[in-house]
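Colleague: Quick note, the sequence shown lines up with residues 17 to 365 if you use my numbering.
Here's a structure for you.
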Amino acid sequence: MFELLDRDNGVHSNSRTLESMLDLAQRFEQTEASDSVYAILGLIDHDKALRSDEAALLEVNYTKSPPDVLRDATRYALCETNTLRALNFINRQVDMLADSQTFPTWTVRADAQNQPQDANWLPTHYRACHACEGLEAPSLLSDVSFDKNVLLLQGIVVDQVVQTTVVCRDDILADHEAYHQWLGSIKNMIIPHFDIAMQENIDLAIASTLVAGKAKSGKEARPDDLNLLAEYIKSLAIREDGIVSDGVSIRSHVNEERIEAMLETVHVYWCRDRRFFVTAAGYMGLGPRCMQPEDTVVILWGGRTPFILRKKADGYWLIGVAHVHGIMYGEAVELDRSRGGLEVVFHVR
C-alpha cells in the first residue's frame, strides 16, 4: 500500500491527478461511498487552472449524496485532463447498470472495489496516435446546462453491434475445452459478417483482436507474433476450396498440447470479463461484459479507444470502452470525413 500512496516515490508520484487516484481507490474497501473520493483528496495535486465551477466539484460536503459525490468527482477528473481517460475505468456489473437512475452511467464507481475476475484495462499505447486521431479535444465536459447528470460527449458513430459472444469468464479462460468452444463461437459469429474477398485474413484479424493488438513482448502485435493463434483459429472451421461452408463444423474435442503451445506465444487475458462482438459492417472487437446487440460503437473527442454507447429514449448510456480491430489509430475518423460525416453530441446519462 505504501508504494501506492507515497507522494514522492510511489507508483503514482509522477501523476497526482484525481483520475489516477480514482483508479487507486477501486483497489481498496471503503466504509462510506463518499470516502472513495474525499479520503484521497490529500493525495492529489489540485489543478489550479480549472475554473471556479469546475474546482468546486471537489469541495468536501458530506450532506451531498454519494452518487452526487462520485458524479462530480468524475466530471472533475475529466475536466482536469480534458480527455476521457477516467472513463477507461468503467466496467459495469449488470446490476450496477440497472442502477442508472441513481448513478449516471458515466460515473466512475470508485466506491466499488475491483474484483480479481474483473477485466484488465485495455492497452492503448503502441503508437503516438489513437482512435480519436484527427478529432478535436473535448469542449463540453464541464457543461451542465442540460442536467448535472448529463455528460456531453462529442464524436462520431462508427457502426452498430449485431452480435456478441457470451462473456469470457475466468472459468472459460482456465479450461482449454471451454476456451476452445468460445473461440469456435467467435469464428461462427464472424464468418457471416466478414467479407473475406475484401478484408484481410479472417483468422489473423480474430487473433489480433483477441490479444487487443498486443504481442507477448508488450509491443504492437505483428503477424509473426500471432501465427500459432491464427492457425489454431483457422483449424476451427472446415473450408472447401478456400470457401467457408454454410455449416461450419467445430471440432468436438480440444488438442491439449496444441492449445497449450498456442497459448505460450500470446497473452489472451484481455478477453477476460469481456465479450467478443461483430458490427453490421464487419468490425470485430472486445467489449464490456454488459454490451449487447444494437449497442453503438463510437469514437469520442479525447477518447484513446472506441466506446460502446446504448441508445435510450432520453439520450445514451455509457457501457464502456472497447478494442475494435481496424479503427484503433484514427481510421474510422478518416473514413467518416471522406464520406462527409457529421460529428455528434451525445447526451450521456
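Every residue, glycine too, gets a C-beta built ideally from N, C-alpha and C.
1. Quick check on DSSP: helix, strand or coil for residue 70?
2. Looking only at C-alpha atoms, which of 320, 328, 318 sits nearest to residue 312?
3. If residue 99 and residue 318 are in contact, beta carbons under 8 Å, what's the gap, nearest whole angstrom?
4. I'd like the list of long-range same chain contacts for residue 198, defined as Cβ closer than 7 Å, with 5 residues on each side in sequence excluded.
5. Applying the 10 Å Cβ sphere with the 16-neighbour rule, what's the burial state of residue 358?
6. Hey, residue 293 and residue 171 are a contact pair by Cβ (cut 8 Å); roughly how many whole angstroms apart?
7. For the segment 66 to 85 and the segment 49 to 56, state whether three or more C-beta atom pairs, one from each stretch, are separated by less than 8 Å.
8. Against chain B, with Cβ distances strictly below 8 Å, would residue 326 count as a contact?
9. Hey, residue 176 and residue 295 are a contact pair by Cβ (cut 8 Å); roughly how many whole angstroms apart?
10. Rounding to the nearest angstrom, what Cα-Cα distance links residue 149 and residue 304 in this structure?
11. At which residues does the beta strand (DSSP E) containing residue 325 begin and terminate?
12. Helix or strand or just coil, what does DSSP make of residue 263?
13. In the structure shown, what three-state DSSP assignment does residue 316 receive?
14. Over the uninterrupted alpha helix (DSSP H) stretch that includes residue 200, give me the two end residues.
15. Do residue 70 and residue 158 have their C-beta atoms closer together than 8 Å?
16. Exposed or buried, which one is residue 298 when buried takes at least 16 other CB atoms within 10 Å?
17. Once you ignore the five residues that flank residue 50 on each side, which residues in its own chain have a CB closer than 6 Å to its CB?
18. Suppose you measure from the CA of residue 341 to the CA of residue 229; what does that come to, to the nearest Å?
19. On the DSSP bridge list, what partners appear for residue 333?
20. Leaving aside the five residues before and after residue 120 along the sequence, list all residues of the same chain whose C-beta is less than 6 Å from its C-beta, in chain order.
21. Could you give the first and the last residue of the continuous beta strand (DSSP E) run that contains residue 167?
22. Near residue 372, what residues of its chain come up, given a Cβ to Cβ distance below 6 Å and the 5 sequence neighbours on each side ignored?
23. Apart from the five residues just before and just after residue 356, which ones in its own chain have a Cβ nearer than 6 Å to its Cβ?
24. Measure the CB-CB distance between residue 325 and residue 314 and report whether it falls below 8 Å.
25. Assuming residue 275 contacts residue 306 (C-beta within less than 8 Å), just tell me the rounded distance between them.
26. Once you ignore the five residues that flank residue 249 on each side, which residues in its own chain have a CB closer than 7 Å to its CB?
27. Is DSSP giving residue 257 helix, strand or coil here?
28. Pick out whichever of 330, 283, 354 has its Cα sitting closest to the Cα of residue 225.
29. Could you check whether residue 227 and residue 137 sit closer than 8 Å to each other, using their CB atoms as the reference points?
30. Since I believe residue 134 is in contact with residue 289 (beta carbons under 8 Å), could you give me their beta-carbon distance rounded to a whole number of angstroms?
31. Are there 16 or more other CB atoms within 10 angstroms of the CB of residue 291, so buried, or fewer, so exposed?
32. Quick one: what's got a C-beta closer than 6 Å to residue 360's C-beta in the same chain, skipping five residues either side?
33. Going by C-alpha distance, which of 277, 308, 344 is nearest residue 192?
34. Per DSSP, which residues does residue 303 bridge with? Please list them.
35. Does residue 152 come out as helix, strand or coil in the three-state DSSP assignment?
Modeller: Result, derived from the coordinates:
1. By one-based count along the sequence shown, residue 70 stands at place 54. Here DSSP, grouped into helix, strand and coil, assigns residue 70 to helix.
2. Here the question's residue 312 lines up with position 296 in the sequence shown. Closest option to residue 312, Cα to Cα, is 328.
3. As a working mapping, residue 99 is identified with position 83 in the sequence shown. As a working mapping, residue 318 is identified with position 302 in the sequence shown. About 4 Å separates the two Cβ atoms, so the contact holds.
4. The residue given as residue 198 occupies position 182 in the sequence shown. For residue 198, where only same-chain residues beyond five positions count, the Cβ hits under 7 Å are 181, 184, 188.
5. Along the sequence shown, read from residue 1 onward, the residue named residue 358 stands at position 342. By the Cβ neighbour-count rule, residue 358 is exposed, with fewer than 16 other Cβ atoms within 10 Å of its own.
6. Taking the sequence shown and counting its residues from 1, the one referred to as residue 293 is at position 277. Taking the sequence shown and counting its residues from 1, the one referred to as residue 171 is at position 155. Here residue 293 is actually not in contact with residue 171; their C-beta atoms are around 19 Å apart, not less than 8 Å.
7. Three or more Cβ pairs drawn from the segment 66 to 85 and the segment 49 to 56 lie within less than 8 Å of each other, which places the two stretches in contact.
8. Among the chains in the structure shown there is no chain B, since it carries only a single protein chain.
9. As a first step, residue 176 is located in the sequence shown; it is residue number 160 there, counting from the start. As a first step, residue 295 is located in the sequence shown; it is residue number 279 there, counting from the start. By a beta-carbon distance limit of 8 Å, residue 176 contacts residue 295. Their separation comes to about 6 Å.
10. In the sequence shown, the residue the question calls residue 149 occupies position 133. In the sequence shown, the residue the question calls residue 304 occupies position 288. Whole-angstrom Cα-Cα distance: 23 Å.
11. The residue given as residue 325 occupies position 309 in the sequence shown. Per DSSP, residue 325 is one residue of the beta strand (DSSP E) stretching across 323 to 328.
12. As a position in the sequence shown, residue 263 is number 247, starting the count at 1. At residue 263 the pLDDT is 41, less than 50, meaning the model places this residue with poor confidence; the figure from the coordinates comes in the next sentence. Under the three-state reduction of DSSP output, residue 263 falls in the coil class, being neither helix nor strand.
13. The count along the sequence shown starts at 1 and reaches residue 316 at position 300. Three-state result, residue 316: strand.
14. Reading the sequence shown from its first residue, position 184 is the one you call residue 200. For residue 200, the enclosing alpha helix (DSSP H) stretches over residues 192 to 206.
15. On the sequence shown, residue 70 is found 54 positions in, with the first residue counted as 1. On the sequence shown, residue 158 is found 142 positions in, with the first residue counted as 1. In this structure, residue 158 lies closer than 8 Å to residue 70 by Cβ.
16. Counted from its first residue, the sequence shown places residue 298 at position 282. Classification for residue 298: buried.
17. Sequence index remark: in the sequence shown, residue 50 carries index 34 (1-based). Cβ within range, chain order: 82, 85.
18. The residue given as residue 341 occupies position 325 in the sequence shown. The residue given as residue 229 occupies position 213 in the sequence shown. For residue 341 and residue 229, the distance between alpha carbons rounds to 8 Å.
19. Here residue 333 is taken as the residue at index 317 of the sequence shown, counted from 1. Here residue 333 is bridged, per DSSP, to 326.
20. Taking the first residue of the sequence shown as position 1, residue 120 is located at position 104. Sequence-distant Cβ neighbours of residue 120 in its own chain, meaning closer than 6 Å and more than five residues away, are 87, 165, 365.
21. For this step, residue 167 is matched to residue 151 along the sequence shown. For residue 167, the enclosing beta strand (DSSP E) begins and ends at 167 to 180.
22. The shown model of the chain, from 17 to 365, leaves out residue 372, and the question about it has no answer.
23. Indexing the sequence shown from 1 puts residue 356 at position 340. If the five residues before and after residue 356 are omitted, its C-beta is found closer than 6 Å to no C-beta atom of its own chain.
24. Here residue 325 refers to the residue found at position 309 of the sequence shown. Here residue 314 refers to the residue found at position 298 of the sequence shown. Residue 325 is a Cβ neighbour of residue 314, given a cutoff of 8 Å.
25. Translated into positions along the sequence shown, residue 275 becomes position 259. Translated into positions along the sequence shown, residue 306 becomes position 290. Their Cβ separation, rounded to whole angstroms, is 29 Å, which puts residue 275 and residue 306 out of contact at 8 Å.
26. Reading the sequence shown from its first residue, position 233 is the one you call residue 249. 199, 203, 219, 222, 223.
27. Taking the first residue of the sequence shown as 1, we reach residue 257 at position 241. For residue 257, the predicted model reports a pLDDT of 38, less than 50, meaning its position is unreliable and no value from the coordinates is stated.
28. Numbered from 1 along the sequence shown, position 209 holds the residue referred to as residue 225. The shortest C-alpha separation from residue 225 is found at 283.
29. Residue 137 sits at position 121 when you count from the first residue of the sequence shown. Residue 227 sits at position 211 when you count from the first residue of the sequence shown. In this structure, residue 227 does not lie closer than 8 Å to residue 137 by Cβ.
30. Your numbering for residue 289 matches position 273 in the sequence shown. Your numbering for residue 134 matches position 118 in the sequence shown. Rounded, the Cβ-Cβ distance is 6 Å, consistent with contact.
31. One-based indexing of the sequence shown puts residue 291 at position 275. Buried is the call here.
32. For the purposes of this step, residue 360 is taken as the residue at position 344 of the sequence shown. So the list is empty, once near-sequence residues are dropped.
33. For this step, residue 192 is matched to residue 176 along the sequence shown. For residue 192, the nearest C-alpha among the options comes from 277.
34. The count along the sequence shown starts at 1 and reaches residue 303 at position 287. Looking at the DSSP assignment, residue 303 forms a beta bridge with 291.
35. The residue labelled residue 152 in the question sits at position 136 within the sequence shown. Three-state result, residue 152: coil.
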